[in-house]
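Mapping of the sequence shown onto our numbering: residues 13 to 411, in sequence order.
Virtual Cβ for every residue (Gly too), placed ideally from N, Cα, C.
Small disclaimer: the values here were computed from a predicted structure and weren't measured.
So the structure is just underneath, and the comments pick up after that.
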Amino acid sequence: MIDKKPFQQKLEQLKQEGKYRVFNDILRERGKFPQAIWYGKYAIKEIVNWCSNDYLGMGQNKTVIDAMHTALEQTGAGSGGTRNIGGTSHYHVALEHELATLHSKGGALLYSSAYVANEWTLISLKSIVPNIVFLSDSMNHASLIQGIRHSGADKKIWQHNDLEDLEDKLKEVTTNGGTPCVVFESVYSMDGDISPISEICDLAERYDAMTYIDEVHAVGLYGSTGAGVCEKLGEGRVDIVNGTLGKAYGVTGGYIAGDADVIDAVRSVASGFIFTTSLSPVICAGALASVKFLKDHPELRDEHQLAARKLKKKFERAGLEVHENATSHIVPVMVRDPFKCKAMSDALLNEYGIYVQPINYPTVAEGTERLRFAPTPFHTDAMMSELVSALRKVFDEQN
């Protein structure tokens, strides 16, 4: 019989430190995004969701839903197997081709999530390039950190967006005969800042390094066709691009895109790809429709950026501190205390019908706790005004 004591002790420790996570039970309503229904402890109420990663509301888009209905009627619910045993449908093939084309790469590979894509691609790179050394930005996502750790490869951590520190690490790796691979993100999801991609590529060229970028918070949202910040900058030198289908594209799943031989080699050795049931063709159909739709509708990206700028200005005018480096669509309001952060989130939900999740350690460093807002083209000016007024009140109550 399992001894529950260590589990209970861990839970108590997390609660005392303000790190215990509570998952709010909500129900998205088709056609009403960003409104949703919250199933609270004592009542059920309508809320406005301010922290969804469905940045463009594509999870509610009729084109996407119709495509999924068609695929469901045609293929049934699941894929029926792993990709190498019966689980590669035409929808998988078409979606991978579409993603490769989106990023102007020779190939693409679908995974069950972008987390799995990051983890198992990095693990696979070590088995393909034995002397690889990963140079990881200090603010990288957990999936990148775990992939590097589980690969068993040597690693160097360079200070966030610090090009001088990156160059020092590149010199060190190449001097010692390693093959450097710079691992970084385009948009960092908690601070809302953007990396100096072209400058990183310049250094990579100088030191003959590989480059691996996570664009999960940028695909669909930046560039003329939605390929991400790399496309916006006209930067095609990044070797491997990681993206998600679960944020701006509104469904689920993840992928990598790169040179055809690189993708084929990863496909051939990545256990996290090979030995798991493939995405449902229904999901692939929705993702395919979403990618195509957003290629043709840049106005949604323009409206999204406008919403982010509006909200930042409203927060600033109300005397609310937005993270100083937030230059993207992500709007983090600094609280700097885990207990206050949770209390403010609860007050907004219970008293004002506003849902924003508290972001505490280990997602962010201790002392940098925040409320992370994700405005969309569907958040109205009235919603923004109501949010700012309510947030100002709960801030005053907690301070």
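- Rounded to the nearest whole angstrom, the CA to CA distance from PHE385 to LEU323 is 9 Å.
- Annotated as distal: VAL343 and ALA359, with beta-carbon spacing of 8 Å or more.
- It is roughly 7 Å from the alpha-carbon of TRP170 to the alpha-carbon of LEU147.
- For ASP149, the enclosing beta strand (DSSP E) begins and ends at 144-149.
- In the three-state reduction of the DSSP assignment, TYR127 falls in the helix class, which pools H, G and I.
- Closest option to LYS183, judged by alpha-carbon separation, among LEU215, SER210, GLY232: LEU215.
- Between ARG95 and SER283, the gap from beta carbon to beta carbon reaches 8 Å or more.
- For the 8 Å CB-CB criterion, MET70 and TYR261 form a contact.
- Spatial neighbours of LEU122 in its own chain (CB-CB distance under 7 Å, excluding positions within 5 residues in sequence) are listed in chain order as HIS104, LEU107, GLU108, GLY265, TYR267, LEU291.
- Inside the segment 81-140, DSSP marks whole alpha helix (DSSP H) runs of 4 or more residues at positions 102-114, 126-140, from first to last along the chain.
- CA-to-CA, the gap between MET346 and ALA355 works out to about 14 Å.
- Remark: C-beta atoms of VAL274 and GLY255 do not approach each other more closely than 8 Å.
- In the three-state reduction of the DSSP assignment, LEU383 falls in the strand class, which pools E and B.
- With a cut-off of 8 Å on Cβ pairs, the segment 158-166 is in contact with the segment 123-141, counting three or more such pairs.
- Spatial neighbours of LEU312 in its own chain (CB-CB distance under 8 Å, excluding positions within 5 residues in sequence) are listed in chain order as LEU68, LEU306, PRO389.
- For PHE327, the enclosing alpha helix (DSSP H) has its first and last residue at 310-329.
- The alpha-carbon separation between ALA394 and PHE196 amounts to approximately 37 Å.
- In the DSSP assignment, no residue is bridged to LEU68.
- Looking at the DSSP output, ARG40 bridges to ALA48.
- CYS242 and ILE209 have their alpha carbons spaced roughly 7 Å apart.
- Contact between the segment 324-342 and the segment 363-373 is absent, with fewer than three C-beta pairs closer than 8 Å.
- Distance from the CA atom of ALA112 to the CA atom of GLU217, rounded to whole angstroms, is 23 Å.
- Taking 8 Å as the cut-off, the Cβ atoms of GLY90 and ASN143 do not count as close.
- DSSP, reduced to helix, strand and coil, places ASN173 outside both helices and strands of the structure shown, so it counts as coil.
- Per DSSP, MET13 lies in no alpha helix (DSSP H) segment and is marked neither H nor E.
- Here ALA299 is near LEU257, since their CB atoms are less than 8 Å apart.
- Around the CB of SER280, fewer than 16 other CB atoms lie within 10 Å, so the residue is classed as exposed.
- GLN369 counts as buried, since no fewer than 16 other beta carbons sit within 10 angstroms of its beta carbon.
- Restricting attention to GLY204, THR392, SER236, PHE407, the CA atom closest to the CA of ALA338 is found in GLY204.
- Sorting THR87, GLU110, SER302 by C-alpha distance to the C-alpha of SER101 places THR87 at the top.
- By the neighbour-count criterion, in which a residue is buried when 16 or more other Cβ atoms sit within 10 angstroms of its Cβ, ARG382 is buried.
- Going by C-alpha positions, TYR373 is about 9 Å away from GLU29.
- The beta carbon of THR375 lies closer than 6 Å to none in the same chain, with the five residues before and after it left out.
- Relative to HIS341, the option among PRO387, ALA301, GLU378, GLU333 whose CA is nearest is PRO387.
- SER302 is the residue among VAL250, ASP180, SER302 whose C-alpha sits nearest the C-alpha of ASP78.
- By a beta-carbon distance limit of 8 Å, THR223 contacts ASP251. Their separation comes to about 5 Å.
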